[in-house]
Structure formats: structure tokens, C-alpha cells
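Residue numbers (UniProt numbering), protein chains in the order written: chain P, 1 to 203; chain W, 1 to 187; chain D, 1 to 218.
Following: one structure in C-alpha cells, then a few remarks.
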């Protein structure tokens, strides 16, 4: 039996997923020169960051720079969140390979909506609808114990986590239905330990 | 919660046994049981019934609903109704599972019972699938789940509630940004 | 010896309240499920837990004295194992939450009256030690090597809070009326949860009813 307290993903200070999601890069255009920060732009030897320069910055850096009273940079929406692509996802989200678009499609996307870009609410709607459309497929996969890697690989990180949870719970339930859990299973640690021993003997 | 814990909870339900020994009342913390008179039925929790049965100290009297006729009726109703019907026991699946596993010899036509139970379970699972679809599609903030048994609720846990948590987060623009933690917004 | 193993069936939880041991066990089992499924730490149940531990050790002492082939011995032992499982799962779940939301829980509890605290005295001690250890660990391993302006462990910034906007399953132990859940607006009829009905809803909207026993998480 288990006692582990489980809850769904919710970002916090120590959440690696969130750190990685905000590590995604965005294209920025410098709106106000910054003294001494030329090092951020590797294409130039300039000491200062000058107006008009375009450069890629991780979101965690670009965001505060775009929110200052006099904007230091303006952030361009990544292609996959722009209108043309939003239409693709609205048409049929379930067939899209999200993992190719970014491992943190939803999390990064919802961070982007905080830029107060005019597309923010459209992005939000798109994220929600895409998540809902794909969720039903994902639940089916988990409930039917789908192990087709090529399908599962099309999921983004958030989806993959849900799928794995669902898959594990389903597998456990089916095992119970077919034989019952009255026999307690050895914990994974013990099993692995035995395997290791065995491996040594085999050599 | 996993199946083992659901089973643990269902094992508290009472079932009749016919002991082959005599003993006075036993004062358990969860309630008194007995007295035991050889040949006379007495109610005990399932966990105890199973243990006594394994040690051949009793025969188990199947619960009143655990017979082919009654279960066929339950199945017919479940097929006819659009919504979940009330099951004869809150833990019908677990009780049947446990009792059939140790006391198949005490329960007439147990193979048939197994088959009908599996049918009922499948019908209910397919209803549950469409309910889940509906909940997601309509973005329900509340759903009534009357007559779903604990094991059935468990079959959509943690996937359904966790997925809805994420949907709620996306919907309310409460992406990571407003959560207190996110490092990206602490500068 | 007498067949009840010399244990009283009635126990006094406080000066003016006498309940049966059976009721204490039921309360513990309900508290266990609530704690298991609620995203946040719930009020401690020290009275119930202590009472159950006393019952268990009393019973164990008495079992030692009896002929071990007596059929009762094994039956009682099986029951004790079941109760011990619930007790330890309950306490462990609380410890897991205390570890995860340590700073948040200590902070919240410090605003409550001593009688209303969620942490038991033992848990409070554990929480404070845990918080100190974590902070010292961060300081020794990382922070002291950092530039001066980021050497401080900032509790407010780094604290982890439970997500109360989590969906839970519940059953009404008695009827709850006039419920307004998260996401409902003025045009929605307030919700009634009839006794024994089952629901799925956001925890944040029902937390107080879970704590006062109207609703049971399942």
C-alpha cells in the first residue's frame, strides 16, 4: 500500500519544470540602450546594448525587461503562438506533435500571456481548447494502456505527466481486477535489489 | 488511493458466516462480534470472515444480492437507465472480488456471477467515460456523482481531477505567473 | 480473565464528552480520508490519535497475558494491525504535507489561537526543526558561496503553498445548502448538497465544510 500524498502539478519556487519553461527563448528588440550590457548580444563587440538590436533572451530575463516603465526590450511572440499557428491548433489539436513545438507548450504559453500582448486572450483560449481536445485522446490512451511510444511522444510535458499517472493507476486497477491485491507486492526497491544480485550471479 | 486501500476500506463491511466453533462475544475496538454458535449464522467484518474461511473455521453466507437472478436484474436496470443506478452494495465489486476469491465453494454459480459482475462493471465504466467526456467538454466546475462506488471513483483518479486542475489553471489565466512561487517573476 | 480484555468501551476525550471507542475509530478513519485527499493540512486530531494509541497498547498488554492459542488473540491482533495502518498512514500524510508546505503552515498556524492550531505540539516542533534544517542546509551548501546581495534565504519568496484550487471527490454527511463554488457567478443558483449525495468540486469552495464535518472527502 502507499501513503504518499499526491497532488497535481502547480508551479512553485523550486519547481524545475517552471524553471525550464521560463528558460525558453524569445526574440527581443532593444528599445532603450543599456550601458555595459553589450555582452548579451554575441554578434557585436559593443560595450553597450544599443537601440534596434534584436537578440534571443530567455523568457525569465526578457519578461522583467519588457515590463519596466520605459521598456528596455519588446518581445516578439514565438511563431507557434502566433495567429497562423493558433489556427492549425484550433482546427484539430489532437493530431499535432506538441513535443516538436517546445517541451513546455502550455506552461510557456501561459507565461507569454502575461506580456499583455494584444493576442494574450486569444493565446489563452487556444491553450485551453487545445488542452481540452487533446485531453480526451490522452485519457483514452491511458485508460486503454496505450504504449505506442510514437503517440506518447507527441505530448507536451504537462500532458505526458498526466498520461503517465493515468497509465499507472489504470495498470494497477486492471491487475487488481484480474487477480486482486491481497498478495502485497514487494516494493520496487526490493525487486530491483534482487535483480541486481541476479545480474551479478549471471556474470 | 490505490485498489489495495479501497479494498481495505471495503473489508470493514459485514458479511454473514456460519462458524463451526463455539465462542462468546469478542469485544473488538470496531464493535462487538459474536457470540459464535456452531451452525448458526453471525455477522462479522469481511476481513475476519476471510481469515476464518482460510483456516476452515467457517462457511461464508453470500450477501443477499450475490446471486445470478438478482444480479441479472441489476444489470438490466443499469442497461436501461441513462444514469448510474444504485448498486446493491456500496462496495459490490470489492466484496464480490474478495468473497469469490476465498469462498467460491460457498457461493452457487460463482462463475456466472463473475461474468455478470464484469458486465455490470463494464456498462458502468462506459457510462463513466461519457460522463468524463461531458465534464471536460462543458468545463464543469461541479459534478454530481451519485451512486458511483468508491472503486469506480478510484478508476478515474488521479487522472480526471488532476487534468481538471490544469484546465482550471489555464482557464483562469492563473498560469504560473500569479502563483506565489515562480522564479521568473520574483525580480 | 474477563472476555473484554479489561478495556473500557467508553473513553473521555474531554471533561464533558464521553464517546465509545468505536466512535473514536470512526472519527479517525474519516479524518484519515480527509487528510489523504485534501490538498492542505487539516486541523490535528491529537485527542483521537492519543486515545487510539492508548487503546492499542492497552489491548497489546492484555493479549500478552492470554494463552496464545486462544482464537481471540489472532483476531484482536489482526484488528490492531488494521488500526495501526490507518494511524500511521494518517500521521505520515500529515508529515509529508508539513515537509512540503513547511513555512506556509508555520506561518498560518502562528495567526491562530492556541486552541485552533492545525499542528499538534509534536508536529509543530517537527515543522520548526525541519524549516531550520532546510535553511541551514541551503546556507551551507549554496547561499554562502553566492554574491552578497543574494545570500539571504527569503522565506516569503521561496515558500511553497498548497493549491487549494484542486478538484476533490466528496460525500455529504449532512445536507449543505446555499453553496457558491469557485467559478459560479450571481446568475447561478446556489448549490445544495443533499445528505449522502456524492460530488466532485474544487476544494477551495468546500474546505470549511470539510473541516466542520458536513462534507467527507472520498
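Glycine is no exception: its CB is placed at the ideal position from the N, C-alpha and C atoms.
With a cutoff of 8 Å on beta-carbon distance, residue 107 of chain P and residue 21 of chain P are scored as near each other. In terms of beta-carbon proximity, residue 103 of chain D stays away from the interface with chain P, with every pair separated by 8 Å or more.
Taken in chain order, the complete alpha helix (DSSP H) segments of 4 or more residues contained in the UniProt domain "GINS subunit" (82–177) of chain P are 83–91, 105–112, 120–143, 149–152.
Per DSSP, residue 171 of chain D is not a residue of any alpha helix (DSSP H); the beta strand (DSSP E) it occupies stretches across 167–172. Listed in chain order, the positions of the segment 158–182 of chain D with a beta carbon within less than 9 Å of a beta carbon of chain P are 158, 159, 160, 161, 162, 163, 165, 166, 167. Judged by their CB atoms, residue 141 of chain D and residue 217 of chain D are not nearer to each other than the 8 Å cut-off.
Our two residues, residue 55 of chain D and residue 201 of chain D, have alpha carbons roughly 37 Å apart in a direct line. Relative to residue 130 of chain P, the option among W/136, W/68, W/129 whose CA is nearest is W/136. For residue 39 of chain D, a Cβ of chain P is located within less than 8 Å of the residue's own Cβ.
Of all alpha-carbon atoms in P/31, P/132, P/23, the one lying nearest the alpha-carbon of residue 166 of chain W is that of P/132. Taking 8 Å as the threshold, the shortest C-beta distance from residue 112 of chain W to chain P does not fall below it.
Taking 7 Å as the Cβ-Cβ cut-off, the UniProt domain "GINS subunit" (71–141) of chain D approaches chain P at 89, 92, 93, 96, 97, given in chain order. Within its own chain, the residues whose Cβ lies closer than 6 Å to the Cβ of residue 86 of chain P, once the five positions on either side in sequence are excluded, are 126, listed in chain order.
When only Cα atoms are considered, residue 90 of chain W and residue 152 of chain W end up about 10 Å apart. Collapsing the DSSP output to three states places residue 17 of chain D in a strand.
When the alpha-carbon of residue 121 of chain W is set against those of W/5, W/85, W/7, the nearest one is in W/85. Under DSSP, residue 103 of chain W forms no beta bridge with any residue.
Annotation: residue 111 of chain P has no Cβ neighbours in chain D at a cutoff of 7 Å; minimum Cβ distance is about 17 Å. In this structure, the beta-carbon distance from residue 61 of chain W to residue 41 of chain W falls below 8 Å. In the displayed model, residue 102 of chain D falls within a helix according to three-state DSSP.
Within chain P, the residues 6, 7, 8, 9, 161, 162, 165, 166 have their CB atoms less than 9 Å from the CB of residue 162 of chain W, given in chain order.
Close CB contacts of residue 198 of chain D within its chain, under the 6 Å cut and outside five residues either way in sequence, are with 171 (chain order). In the three-state scheme derived from DSSP, where H, G and I count as helix and E and B as strand, residue 129 of chain W is classed as helix. Counting along the chain, residue 122 of chain D sits inside no beta strand (DSSP E); it lies in the alpha helix (DSSP H) bounded by residues 121–141.
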